[in-house]
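Undergrad:
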Amino acid sequence: MDRMSARSIQKRHANNKVKQVAWPRALCMVCCTRLHSPMYCDDTILKDMDLHRRGVSISGARNSENGVARTGGSAPRGAPAPLAELRARPANPYSTDASTSLTDLVLIRSMQLLLFLACLWFVSIIFAVADESSNGAAQSAQIPPTHSSSIGNSKLRPRVQTSQTLDTNAIQSIRNEIDIDDAIKSTRKEIGQIRQRFYTRYGGQHEATAMLNKGLRTFGEQDNDSSLHATAVRLLRSIVEHESSPGSNGAKFVMSFAGYSVTVGRGNHWSQSYPFVMEGIIKPILEMAPLGIELTVRNSAIGGIPSFPYGWCLSNFLGDDSDSVSWDYGMNEGNGASGLESYVRQSLMLPNSPPLFILLDMKGPRLNLLQQYADLGYLPDSIALGGRDAVSKELLSLPESDRPEGLKEWDIWGAPKGAPGQSPWHPKKKEHELMGWMLAIRMLNAVDRALEIMKRDANWRHSIPPRNAAERRVLPRPIHDQTKSGAGSMLNGTPFSDDDSKWQMNKVSCRTSFLPNISGKLESIVESGVANDDEDMLQTRDDSLFHGNWVMDVGKLERDTKIKVQKYGGLGYIDMKTALYGIPSSGTLRMIIPHESHAAEVGVSPNAGESADKYFHSLVLCEVNEKRGDDECKMTEDLDFRLGGESVPRSDISQVKGVASYLKKDICIRIDIPAGATILLDGSAPGLLLEVTVSGKTVSRENGACSISHVIWENIR
1 MDRMSARSIQ KRHANNKVKQ VAWPRALCMV CCTRLHSPMY CDDTILKDMD LHRRGVSISG
61 ARNSENGVAR TGGSAPRGAP APLAELRARP ANPYSTDAST SLTDLVLIRS MQLLLFLACL
121 WFVSIIFAVA DESSNGAAQS AQIPPTHSSS IGNSKLRPRV QTSQTLDTNA IQSIRNEIDI
181 DDAIKSTRKE IGQIRQRFYT RYGGQHEATA MLNKGLRTFG EQDNDSSLHA TAVRLLRSIV
241 EHESSPGSNG AKFVMSFAGY SVTVGRGNHW SQSYPFVMEG IIKPILEMAP LGIELTVRNS
301 AIGGIPSFPY GWCLSNFLGD DSDSVSWDYG MNEGNGASGL ESYVRQSLML PNSPPLFILL
361 DMKGPRLNLL QQYADLGYLP DSIALGGRDA VSKELLSLPE SDRPEGLKEW DIWGAPKGAP
421 GQSPWHPKKK EHELMGWMLA IRMLNAVDRA LEIMKRDANW RHSIPPRNAA ERRVLPRPIH
481 DQTKSGAGSM LNGTPFSDDD SKWQMNKVSC RTSFLPNISG KLESIVESGV ANDDEDMLQT
541 RDDSLFHGNW VMDVGKLERD TKIKVQKYGG LGYIDMKTAL YGIPSSGTLR MIIPHESHAA
601 EVGVSPNAGE SADKYFHSLV LCEVNEKRGD DECKMTEDLD FRLGGESVPR SDISQVKGVA
661 SYLKKDICIR IDIPAGATIL LDGSAPGLLL EVTVSGKTVS RENGACSISH VIWENIR
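Numbering follows the UniProt record's numbering, in which position 452 of the sequence shown is assigned residue number 452; successive positions increment by one, without gaps.
1) For my contact list, residue 372 and residue 479 are in at a C-beta cut-off of 8 Å; report their separation, rounded to the angstrom.
2) On the three-state DSSP scale, how would you describe residue 564?
3) CB residue 422 to CB residue 410, shorter than 7 Å?
4) In angstroms with no decimal places, state the Cα-to-Cα distance between residue 495 and residue 517.
5) Which residues in the same chain as residue 626 place their Cβ atom closer than 6 Å to its Cβ, once the five residues preceding and following it in sequence are excluded?
6) DSSP on residue 214, reduced to helix/strand/coil?
7) Check residue 582 in the structure and name its three-state DSSP category.
8) Just to confirm, are residue 340 and residue 376 a CB contact at a threshold of 7 Å?
9) Thinking residue 297 and residue 487 are a contact (beta carbons under 8 Å), I'd like their distance in whole angstroms, please.
10) On the three-state DSSP scale, how would you describe residue 648?
11) First and last residue of the beta strand (DSSP E) that includes residue 537?
12) So is residue 288 buried or exposed if we call it buried at 16+ other beta carbons inside 10 Å?
13) So, is residue 314 buried or exposed, given that buried needs 16 or more other C-beta atoms within 10 angstroms?
14) Note down the Cα distance separating residue 663 from residue 476, rounded to an integer number of angstroms.
15) Please state the DSSP three-state secondary structure of residue 687.
16) Roughly how many angstroms lie between the CA atoms of residue 199 and residue 565, to the nearest whole one?
17) Give the range of the beta strand (DSSP E) segment to which residue 610 is assigned.
18) Just to confirm, are residue 738 and residue 522 a CB contact at a threshold of 7 Å?
19) For residue 623 versus residue 707, is the C-beta distance shorter than 7 Å?
20) Report the option in 244, 225, 419, 406 whose CA atom is closest to the CA atom of residue 560.
21) Under 7 Å between the Cβ atoms of residue 384 and residue 234?
22) Take every Cβ of the region 575–593, pair it with every Cβ of the region 530–550, and state whether three or more of those distances are shorter than 8 Å.
23) Please classify residue 299: does DSSP put it in a helix, a strand, or coil?
24) Could you check which residue in 675, 553, 255 has the C-alpha nearest to that of residue 280?
25) How is the beta strand (DSSP E) around residue 242 delimited, first residue to last?
26) Of the choices 405, 442, 709, whose alpha-carbon is the least far from that of residue 219?
27) Reducing DSSP to helix, strand and coil, say where residue 500 ends up.
28) Just the C-alpha distance for residue 266 and residue 330, rounded to the nearest angstrom, thanks.
29) Would you mind sorting residue 322 into buried or exposed? The rule is 16 or more other CB atoms within 10 Å of its CB.
30) Which residues mark the beginning and the end of the beta strand (DSSP E) in which residue 385 is found?
31) Compute the distance between the beta-carbons of residue 493 and residue 504, then report whether it is under 7 Å.
32) Look at the alpha carbon of residue 712 and the alpha carbon of residue 692, and state the distance between them as a whole number of angstroms.
33) How is the beta strand (DSSP E) around residue 325 delimited, first residue to last?
34) For the region 650–657 against the region 341–349, do three or more pairs of beta-carbon atoms, one drawn from each stretch, fall closer than 8 Å, so that the two count as touching?
35) Suppose contacts are defined by Cβ-Cβ distances below 7 Å. Is residue 458 in contact with residue 571 by that definition?
36) So, is residue 702 buried or exposed, given that buried needs 16 or more other C-beta atoms within 10 angstroms?
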């Protein structure tokens, strides 16, 4: 019985040892299938087992000495250990029992199967990732990234989910949300740092905020919330329009600035003018994720001009893609607002209407006008911007060393001393910087609002209204009457026949020789009669050029001023008042006036021989605004015109009064379309032929030649 019991115990012990080493051997054989033979695993494990066995035997012997039995049951303290426990183990415990080998084989095969399935799973993941990458590349080829900079905007736009990539895209969608949240936090942090720079620059948060509140006015609700929201929507719309345009190279926002010498930056470098100060502050922010908006700033101001005819040529000077338009003609137009209203109405006809309107003026009547148009919903986020009047006199009275950084060297010009334009009415460098900073903070507040919209609503794109794409935009009844100007319909439009509270405006086209000119140059409609002259505009033209030709030239005052500026390196200015000049010996200037329609309208093209008054309402010609004495050319008296093959009687030529005036000199005339005038076919494009000759016998270059710088006409649809 004792021998049977000992054998049973020995066998049970061997089975337990087999189970203890079965998993290690199986793992070894699975992992080393390609590297070693099974014998390698057996030898390795046997060595380990032998060491383990010796350790157990020694430990058991020691425990026996201490009176502790190492059998399955307990024994009285001091009892001798069973004989079976002291016998030597067989050399190979795995060969003692057939069932042990079968267990080992099952474990090995199971592990191999699991490893094979794991490999298949891993390979399938690799192919899925490769397939997703190829799909992403194909989508990238069709839809360009938001911006060409190094910003990872592609990570911020969820892909269209398919059945094959659903799981991967679900994970990517979560990552996108995390990326967008991180990007919003990062951009807002940058905005906060810029605000702190503004506070520090202008004497602390209290003083800087007071300057901002005094120097910048908006026209929404009292808390400016609706105004900020409207600008934020503009920015977000640029993203939506980019995403919906397959050919778009990125979201764009264009801010265009008009005006005269103040906006040009006279007395300073052109690059130091307030539009470019603002650009340097906000451009990097707009380019950051998740916005990725490319900001373009255009300073198209021209020194020494009135608001009209410039206002008729906004597309020429500012561009049809402008999201903002500015007005800076206050010093020339007194305290009135009639010219401003006509200018606003012209801006409302631009493709990106209504524009973000920026008024560089703080006079009451003009502020009231913008408020009325804001109340009517036509200018939801217009801005009025001041300058030196916003600065605390107490801060300016401090010693130079005690002033905040933004007010130091307040009376120093940006250009070298003595440069043209350093007049008391022109802002100096630090005043331009203040105006740029105030406008930048206003824009950054709108950016912050846009980021809040993106964060609050993942489907924010659906809440962005499209642009006004109506064929003919409805305007409100004008506040000021322009009928006495002689060009009322071109300035303010006309009422609808059935409702005089609603007004409309025909397409007003412009060709001009003034610079800078983005599109619609005067030379583009010239048929004949202009000298072929490639000389520098600052070179004086020889009298011989004027025999048989009109000549592209500049006036004496303009040339002298530009030559002075050249002594200081040009100061970066790009504006120039060039024009076609003619005298009696210049002969006939011939131009072809094309018929044009609003961008959203389907225009009716005229045919050769049709009546011109069916397609053209009136024509306006403007001269260079320079005062040259009483003997200079008078457009209403010294020029003869033919339109559509018909002579224009003097009674159909009138001076445009009031609005197109500079230094009390009216510079534009209106020409009515004569009866019998017909459409001419010029090549493949029909148009209205305009012929101009100088008939005044006393007109000369010395006294002041006749000039044409703008040709403007009102189309009839």
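Cβ atoms here follow ideal geometry from the backbone N, Cα and C, with glycine treated the same way.
TA: With the given structure in hand:
1) 6 Å
2) helix
3) no
4) 32 Å
5) 555, 557
6) helix
7) strand
8) no
9) In fact, because the Cβ distance is near 31 Å, the residues do not count as touching under 8 Å.
10) coil
11) Segment: none, residue 537 is in no beta strand (DSSP E) and carries neither H nor E.
12) buried
13) buried
14) 31 Å
15) strand
16) 36 Å
17) It is not in any beta strand (DSSP E) - residue 610 carries neither H nor E in the DSSP assignment.
18) Within the shown structure, residues of the chain are numbered from 1 to 717, placing residue 738 beyond reach of any answer.
19) yes
20) 419
21) no
22) yes
23) strand
24) 255
25) Segment 225–243 is the alpha helix (DSSP H) holding residue 242; no beta strand (DSSP E) there.
26) 442
27) strand
28) 16 Å
29) buried
30) 383–385
31) yes
32) 15 Å
33) 324–327
34) no
35) no
36) exposed
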